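Number of protein chains: 2
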Amino acid sequence: MEPEDIAHLLEASPPKERQVLWQLTDPEEQGDILEELSEDVKDGIVSQMDPEKLAAVTEGMESDDIAYVLRSLPDDKYQEVLAQMDATDRHRIEKALAYPEDSAGGIMSTDFITIRGDVSTDVVLRYLRMRGELPEATDTLYVVDEEEKLIGHISLSTLVTTQPDVEIKDVMDDTDEAIPVDMDDGEIANLFERRNWLSAPVVDANNQLVGRITIDDVVDVIREDAEHSMMSMAGMDDDEDTFAPVLKSAKSRSIWLGVNVLTALAAASVSNMFEDTLSKMAAIAVLMTIVPSMGGVAGNQTVALVIRGLAVGHIGDSNTRWLLSKEARVGLINGLLWALIIGGVVVLWKGNLILGAIIAGAMLTNLFVAGVAGVVIPIMLKKLKIDPALAGGMALTTCTDIVGLFVFLGLATVFLQ
Amino acid sequence: MEPEDIAHLLEASPPKERQVLWQLTDPEEQGDILEELSEDVKDGIVSQMDPEKLAAVTEGMESDDIAYVLRSLPDDKYQEVLAQMDATDRHRIEKALAYPEDSAGGIMSTDFITIRGDVSTDVVLRYLRMRGELPEATDTLYVVDEEEKLIGHISLSTLVTTQPDVEIKDVMDDTDEAIPVDMDDGEIANLFERRNWLSAPVVDANNQLVGRITIDDVVDVIREDAEHSMMSMAGMDDDEDTFAPVLKSAKSRSIWLGVNVLTALAAASVSNMFEDTLSKMAAIAVLMTIVPSMGGVAGNQTVALVIRGLAVGHIGDSNTRWLLSKEARVGLINGLLWALIIGGVVVLWKGNLILGAIIAGAMLTNLFVAGVAGVVIPIMLKKLKIDPALAGGMALTTCTDIVGLFVFLGLATVFLQ
Chain A
1 MEPEDIAHLL EASPPKERQV LWQLTDPEEQ GDILEELSED VKDGIVSQMD
51 PEKLAAVTEG MESDDIAYVL RSLPDDKYQE VLAQMDATDR HRIEKALAYP
101 EDSAGGIMST DFITIRGDVS TDVVLRYLRM RGELPEATDT LYVVDEEEKL
151 IGHISLSTLV TTQPDVEIKD VMDDTDEAIP VDMDDGEIAN LFERRNWLSA
201 PVVDANNQLV GRITIDDVVD VIREDAEHSM MSMAGMDDDE DTFAPVLKSA
251 KSRSIWLGVN VLTALAAASV SNMFEDTLSK MAAIAVLMTI VPSMGGVAGN
301 QTVALVIRGL AVGHIGDSNT RWLLSKEARV GLINGLLWAL IIGGVVVLWK
351 GNLILGAIIA GAMLTNLFVA GVAGVVIPIM LKKLKIDPAL AGGMALTTCT
401 DIVGLFVFLG LATVFLQ
Chain B
1 MEPEDIAHLL EASPPKERQV LWQLTDPEEQ GDILEELSED VKDGIVSQMD
51 PEKLAAVTEG MESDDIAYVL RSLPDDKYQE VLAQMDATDR HRIEKALAYP
101 EDSAGGIMST DFITIRGDVS TDVVLRYLRM RGELPEATDT LYVVDEEEKL
151 IGHISLSTLV TTQPDVEIKD VMDDTDEAIP VDMDDGEIAN LFERRNWLSA
201 PVVDANNQLV GRITIDDVVD VIREDAEHSM MSMAGMDDDE DTFAPVLKSA
251 KSRSIWLGVN VLTALAAASV SNMFEDTLSK MAAIAVLMTI VPSMGGVAGN
301 QTVALVIRGL AVGHIGDSNT RWLLSKEARV GLINGLLWAL IIGGVVVLWK
351 GNLILGAIIA GAMLTNLFVA GVAGVVIPIM LKKLKIDPAL AGGMALTTCT
401 DIVGLFVFLG LATVFLQ
């Protein structure tokens, strides 16, 4: 079995089986397996390993992968692991760990091939043959000047189709889009996707080549970002291990339930303002959940659209207004449609024309509010640097619950007393 | 501006501006732009183009990209476009369009380089130099026998590090994992991610090489799959254009609102069964939304976890039981926690000990049910071949709404009459 298959098997196993399986793996392969594991599962295993063992399994791995494996360790244990490594390795890893995890520096590999521009392709081929195996996923050689500054790049595909006597500088491509070492990984993922890159050089502030990002690192970022949106919208941490221990899961979930308790109590205190109306006519209590429910669903449709638009960079200052007016109109149209339908159903069910009109009015208002809030809330959250995927849905639901209940019960109080 | 930047700008523009911008683009570049656009936006533009124009802009594009551009056309218009093409192109595109869009055949490129095993690397290099430019994103050459059957592959990186006189068959890798042409694209994405592949050969049932899939196609699949989960969970189509016309958006959203109306009415008819109880004590009406709300949030956390686990292949028959018992226990623990808190709040707020006990009991029951249903519903939906990301959340909410209301109002009826 390949390390990545073992990693998959470990991820799909409950905690006890996972420990047993891990003991059965070949120590030679443990480094490669750790590198393939998702964060939460990897952290669980790494936290139980001795520093000596960790230093041994990470030997010979690429620096970005070692950084991934060691990142979660408490500081004292991490120092012990480093102490077991030889000086060169230690220096490399300390450099890799100095960059934030979600920046170009955090995901780049420091293993790459540089050549000079004034040599012929034949010389380069002879150099590569002498060197032997290239770093993993090498598709491009980087051309640097005497100060190691990046001046261009040449793909292997160009190299093998160029005549032997041609000089590199005559066939290389200028690198006008090297990635700055502090660029955010989400932005890097968008660039790779849009440009269909397979790899890209990373440079520091002096335009010196410091690393290389390959698409397989970016695929992980894309998957994680997308999972993050999906899981956050349900109030979950995207690192959460499917097979985490019960108490750990219960704890991580209860925070979000705590936020929702506040929402639910806020809605209940709105209803409480109308206790008098509710005590006079039970049909109002029976129907009062419908309008908030529809508002929540309609608003969350808009929120999902806006979160995606913000993530891929389609929504900006120039088109927010247009989008707001569009979603408001979508809300009005669907509000009108469902107001008529639900109003009709209520008139037939409860035989009360005024009650039907009331629920129709509340539905129209709430779906309009849902459309507007669905655009405004995620955009505002993003401006406040709060993750819209995490907080957007809950904030929207709170808003549509309160507005829905308030308008429905308020109209009922005015017109049915 | 590069075609991909123009595509991004078009996607971020409202419909009218989009039409104007499209008119301003260079006809020479329109094919490349169409290829980069998301499906809904691309379809909108393609539907307004003449067949002659379409044939002209797609000339010289790779067959998988042409297939993407033309796929949405109505049959008669599509035939007209084909009629404008020369016979070779027509044949190529018809072949590409014969495969389902979401299969290996649908995303593969048919442009690749094959070599024989019994030649030296030097001969291969001379052949490549003579040939000139390689197909886009070529990182591997495929080794085939006289019958065009795939027998191995060699990466450019191996090619350039091998001595000139070595024969290909001595350095090539065996291809034991070629992709069958009918493999589903989600499965392909999982394979690429797990194996860190940059490209992979596609073979037909006779092991004949028919195409090549590169990671940039797979990145699109990964992004789409992840977006699909996120958007579906909010009841949206993942193809939906952020800047679609109002009526089109209203229509696509209203279907999901229609499903939710049934859910909301089902919940209301549960309350209706207890109209008598509700008319006796308005406090019950005030509090009755809390338990369903908490159940919905808790259950949707589990649903999100299970949907992700199903998508990445972590959840299968071997561990469903373990997961069910875990989520049930998580539900019981959080149920107990929030039962005590909400019970306490209600006792203090309404000064009624029995009412506090009733809401606590309903909360515990509903969060337990939410944990169980959160595992069972998505897994059952998947077995029934219904997309769990689409239907899971709504089915779960219906379940927790009904159970929450029924238990709370039922207990209230029994103990407060």
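Note that the protein sequences, when read in sequence, are chains A and B. Under UniProt numbering, the residue at position 110 of the first sequence is numbered 110, and the numbers go up by one with no gaps. Under UniProt numbering, the residue at position 364 of the second sequence is numbered 364, and the numbers go up by one with no gaps. Just so it is clear, CB atoms sit at the ideal spot from N, CA and C, and this is done for glycine as well. Please read these numbers as outputs of a predicted model, since none were measured by experiment.
I need the straight-line Cα distance from residue i to residue j, nearest angstrom please.
i             : j         : result
Pro-51/A      : Gln-23/A  : 16 Å
Leu-209/A     : Lys-149/A : 6 Å
Gly-343/A     : Pro-14/A  : 50 Å
Arg-194/A     : Glu-36/B  : 8 Å
Ala-83/B      : Val-57/B  : 14 Å
Ala-7/A       : Val-297/B : 31 Å
Val-46/B      : Leu-54/B  : 8 Å
Ile-33/B      : Glu-187/A : 21 Å
Thr-88/B      : Phe-112/A : 42 Å
Gln-380/B     : Gly-316/B : Note on identity: in this sequence residue 380/B is Met, with Gln being the wrong assignment. Answer to the nearest angstrom: the Cα atoms are 12 Å apart.
Pro-292/A     : Ala-370/A : 10 Å
Asn-190/A     : Ala-283/A : 52 Å
Met-1/A       : Gly-152/A : 40 Å
Leu-323/A     : Leu-10/B  : 15 Å
residue 458/A : Ala-137/B : This structure cannot speak to residue 458/A, because chain A is shown only from 1 to 417.
Val-160/B     : Leu-128/B : 12 Å
Asn-206/A     : Leu-198/A : 24 Å
Thr-25/B      : Asp-238/B : 27 Å
Asp-145/A     : Glu-133/A : 24 Å
Asp-165/A     : Arg-131/B : 17 Å
Lys-350/B     : Met-281/A : 20 Å
Val-20/A      : Thr-400/A : 49 Å
Ser-155/B     : Gln-163/B : 14 Å
residue 488/A : Pro-27/A  : The structure shown does not extend to residue 488/A, since chain A is modelled only from 1 through 417, so no value can be given for it.
Would residue i pass as a contact of residue j if the rule is Cβ separation under 8 Å?
i         : j         : result
Ile-168/B : Val-203/B : no
Phe-406/A : Ile-358/A : no
Val-143/B : Met-172/B : yes
Arg-92/B  : Thr-110/B : yes
Asn-319/B : Ala-12/A  : yes
Gln-301/B : Ala-234/A : yes
Gly-331/B : Leu-305/B : no
Leu-278/A : Ser-269/A : no
Asp-184/A : Gly-105/A : no
Gly-346/B : Leu-265/B : The sequence shown places Val at residue 346/B, rather than the Gly named in the question. No, they are not a contact pair.
Glu-227/A : Ala-226/B : yes
Leu-337/A : Ala-360/A : no
Thr-175/A : Pro-135/A : no
Ile-215/B : Ile-179/A : no
Met-294/B : Met-394/B : no
Hey, would you say the C-beta of residue i is under 7 Å away from at least one heavy atom of the ligand COA?
i         : result
Phe-192/B : Absence of the ligand COA is noted for the structure shown, with no ligands found whatsoever.
Please compile the residues from chain D whose C-beta is within a distance smaller than 7 Å of the C-beta of residue i.
i         : result
Met-172/A : Within the model displayed, chain D is absent; protein chains A and B are what it includes.
Considering only the alpha carbon of each residue, which of the options lies closest to residue i?
i         : options                                    : result
Leu-411/B : Thr-398/B, Asp-401/B, Leu-355/B            : Leu-355/B
Arg-18/B  : Ile-284/B, Val-41/B, Ala-205/B             : Val-41/B
Arg-71/A  : Gly-60/A, Thr-138/A, Thr-214/A, Glu-39/A   : Glu-39/A
Met-49/A  : Met-61/A, Asp-65/A, Gly-211/A, Val-69/A    : Val-69/A
Ile-290/A : Val-261/B, Leu-384/B, Arg-129/B            : Val-261/B
Val-403/B : Leu-257/B, Gly-299/B, Lys-385/B            : Gly-299/B
Ile-333/A : Ala-395/B, Asp-387/B, Ser-252/B, Met-363/B : Ser-252/B
Thr-158/A : Asp-165/A, Glu-101/A, Glu-146/A, Thr-140/A : Thr-140/A
Ala-259/A : Gly-392/A, Gly-295/A, Ser-103/A            : Before going on, a small fix: residue 259/A reads as Val here, not Ala. Ranking Gly-392/A, Gly-295/A, Ser-103/A by Cα distance to Val-259/A puts Gly-392/A first.
Leu-390/A : Ser-232/A, Ala-178/A, Ile-179/A            : Ser-232/A
Gly-117/B : Leu-97/B, Pro-74/B, Asp-216/B, Asp-170/B   : Asp-170/B
Thr-397/A : Thr-413/A, Leu-384/A, Ala-267/A            : Ala-267/A
Leu-416/B : Ile-154/B, Gly-295/B, Asp-276/B, Ile-215/B : Asp-276/B
(request) Write down every uninterrupted run of the alpha helix (DSSP H) in the UniProt domain "CBS" (172-230) of chain B whose length is 4 residues or greater and which is fully enclosed by it, in chain order. (result) Listed in chain order, they are 185-195.
(message) Whether or not the stretch 325-332 of chain A and the stretch 356-375 of chain A are in contact is what I'm after, with contact meaning three or more pairs of Cβ atoms, one per stretch, closer than 8 Å; do they touch?
(response) Contact check between the stretch 356-375 of chain A and the stretch 325-332 of chain A: three or more CB pairs, one atom from each, fall below 8 Å, which counts as touching.
(request) Flag this pair as touching only if the stretch 243-253 of chain A and the stretch 215-229 of chain A have three or more C-beta atom pairs under 8 Å; answer yes or no. (result) With a cut-off of 8 Å, the stretch 215-229 of chain A and the stretch 243-253 of chain A do not count as touching, because too few Cβ pairs lie within range.
(message) Threshold first: 3 residues or longer. Then list the beta strand (DSSP E) segments lying entirely within the stretch 232-302 of chain A, N to C.
(response) Restricting attention to beta strand (DSSP E) runs no shorter than 3 residues, the stretch 232-302 of chain A encloses none.
(message) Runs of 3 residues minimum, wholly inside the stretch 57-118 of chain A: which ones carry the beta strand (DSSP E) assignment?
(response) Taking only runs of at least 3 residues, no beta strand (DSSP E) segment lies wholly in the stretch 57-118 of chain A.
(request) Let me know the alpha helix (DSSP H) ranges lying completely inside the stretch 307-392 of chain B, each 4 residues or longer, listed in chain order. (result) For secondary structure counted as the alpha helix (DSSP H) over 4 or more consecutive residues, the stretch 307-392 of chain B holds these complete runs in sequence order: 320-350, 353-383.
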